[in-house]
Amino acid sequence: KAGVTQTPRYLIKTRGQQVTLSCSPISGHRSVSWYQQTPGQGLQFLFEYFSETQRNKGNFPGRFSGRQFSNSRSEMNVSTLELGDSALYLCASSLGPGETEAFFGQGTRLTVV
Amino acid sequence: AQRVTQPEKLLSVFKGAPVELKCNYSYSGSPELFWYVQYSRQRLQLLLRHISRESIKGFTADLNKGETSFHLKKPFAQEEDSAMYYCALRGASGGSYIPTFGRGTSLIVHP
Chain A
42 KAGVTQTPRY LIKTRGQQVT LSCSPISGHR SVSWYQQTPG QGLQFLFEYF
92 SETQRNKGNF PGRFSGRQFS NSRSEMNVST LELGDSALYL CASSLGPGET
142 EAFFGQGTRL TVV
Chain B
12 AQRVTQPEKL LSVFKGAPVE LKCNYSYSGS PELFWYVQYS RQRLQLLLRH
62 ISRESIKGFT ADLNKGETSF HLKKPFAQEE DSAMYYCALR GASGGSYIPT
112 FGRGTSLIVH P
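Chains as they are written, first to last, in our numbering: chain A, 42 to 154; chain B, 12 to 122.
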């Protein structure tokens, strides 16, 4: 079956702009989590959605938001981009919230200039 | 606050040698601990979790609550084990139940 798909793979944005990233989970998976990976901070949890509801949230400012649709696809949005938002954004899907058997996408590489 | 520490950024061994990737954690409760692996040009994937007490690809990890450690071990390293390894903890934080990852250890197995 198809794995977790993230689009776009690469993105370049200017400071102050906003960006929306998309994640399509594995068929049948209803939970989607988002992560930010940077050389300085490593892999950090952003939030987790299940059944269109945010179930868990990491320690990121309100500029980072997400949503999940009825087909379990998820988007994350970052508003007022800062240079420090440049990172690899990963999404992972699992059957349910808190499931440890999470499958990761290949990520979206965001560069803010 | 929960924290995961992987003290070694890089671990270099020869094929057939034993491997131990260290992971220490800080958490005031009963943690869920995992190891993830990322091979070159592949996606991050779950390797094993402490609750299942399984051995995957010859790797094992034992939770030592006294030493707050969850080291990953393999008796005989193979070249295909070369990868980035991340230790992770899932626990309660600020009203959420979230995963926290270590910075990762790059394992290189020489022929």
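Don't be surprised by glycine CBs; every beta carbon is placed ideally from N, CA and C.
What did DSSP end up calling residue i once you bin it into helix, strand or coil?
{"i": "B:I62", "result": "helix"}
{"i": "B:L74", "result": "coil"}
{"i": "B:L22", "result": "strand"}
{"i": "A:L136", "result": "coil"}
{"i": "A:G125", "result": "helix"}
{"i": "B:E31", "result": "strand"}
{"i": "A:E93", "result": "coil"}
{"i": "B:E43", "result": "strand"}
{"i": "A:E116", "result": "strand"}
From residue i to residue j, what does the alpha carbon distance come to, in whole angstroms?
{"i": "B:R101", "j": "A:T55", "result": "34 angstroms"}
{"i": "A:V153", "j": "B:R60", "result": "36 angstroms"}
{"i": "B:V30", "j": "A:C132", "result": "30 angstroms"}
{"i": "B:G69", "j": "B:P86", "result": "8 angstroms"}
{"i": "A:G107", "j": "A:L87", "result": "9 angstroms"}
{"i": "A:T71", "j": "A:F145", "result": "The amino acid occupying residue 71 of chain A in the given sequence is Arg; Thr does not appear at that position. One C-alpha to the other measures close to 14 angstroms."}
{"i": "A:P138", "j": "A:F91", "result": "6 angstroms"}
{"i": "B:Y47", "j": "A:R114", "result": "24 angstroms"}
{"i": "B:R64", "j": "A:E123", "result": "43 angstroms"}
{"i": "A:C64", "j": "B:A88", "result": "35 angstroms"}
{"i": "B:E43", "j": "B:I62", "result": "7 angstroms"}
{"i": "A:L151", "j": "A:R50", "result": "8 angstroms"}
{"i": "A:G57", "j": "A:S120", "result": "7 angstroms"}
{"i": "B:I67", "j": "B:L58", "result": "7 angstroms"}
{"i": "A:P66", "j": "B:Q56", "result": "15 angstroms"}
{"i": "B:Y97", "j": "A:G83", "result": "10 angstroms"}
{"i": "A:Q109", "j": "A:A128", "result": "22 angstroms"}
Could you give the C-beta distance for residue i and residue j, rounded to a whole number, given that I count them as a contact under 8 angstroms?
{"i": "B:I119", "j": "B:S80", "result": "In fact, because the Cβ distance is near 23 angstroms, the residues do not count as touching under 8 angstroms."}
{"i": "A:S74", "j": "A:A143", "result": "7 angstroms"}
{"i": "A:D47", "j": "B:R54", "result": "Checking the sequence shown, residue 47 of chain A turns out to be Gln, not Asp. Their Cβ separation, rounded to whole angstroms, is 10 angstroms, which puts A:Q47 and B:R54 out of contact at 8 angstroms."}
{"i": "B:T111", "j": "B:A103", "result": "Between B:A103 and B:T111 the Cβ distance is about 11 angstroms, and since that is not below 8 angstroms, they are no contact."}
{"i": "A:V45", "j": "A:S111", "result": "Wrong, their Cβ atoms sit about 18 angstroms apart, outside the cutoff."}
{"i": "A:Q85", "j": "A:G103", "result": "Contact flag wrong, Cβ pair sits at about 16 angstroms."}
{"i": "A:N118", "j": "A:T61", "result": "5 angstroms"}
{"i": "B:L32", "j": "B:H82", "result": "7 angstroms"}
{"i": "B:S37", "j": "B:R14", "result": "4 angstroms"}
Just to check, is the beta-carbon of residue i closer than 8 angstroms to a non-hydrogen atom of the ligand HEM?
{"i": "A:R104", "result": "This structure lacks the ligand HEM; in fact it carries no ligand of any kind."}
### Proximal residues, the region 94 to 119 of chain B versus chain A, C-beta separation under 9 angstroms
Y97, A99, R101, S104, G105, G106, S107, Y108, I109, P110, T111, F112, G113, R114, G115
### Task
Determine which residues of the region 98 to 112 of chain A have a Cβ less than 8 angstroms from any Cβ of chain B, and write them out in chain order.
K98, G99, N100
### Query
Pairing CB atoms from the region 15 to 30 of chain B with CB atoms from the region 71 to 80 of chain A, are three or more of them under 8 angstroms?
no
### Task
Pull out every residue of the region 33 to 59 of chain B whose Cβ sits closer than 8 angstroms to any Cβ of chain A, in chain order.
E43, F45, R54, L55, Q56, L57
### Query
When you check each C-beta in the region 64 to 88 of chain A against every C-beta of chain B, which residues fall closer than 7 angstroms?
G83, L84, F86
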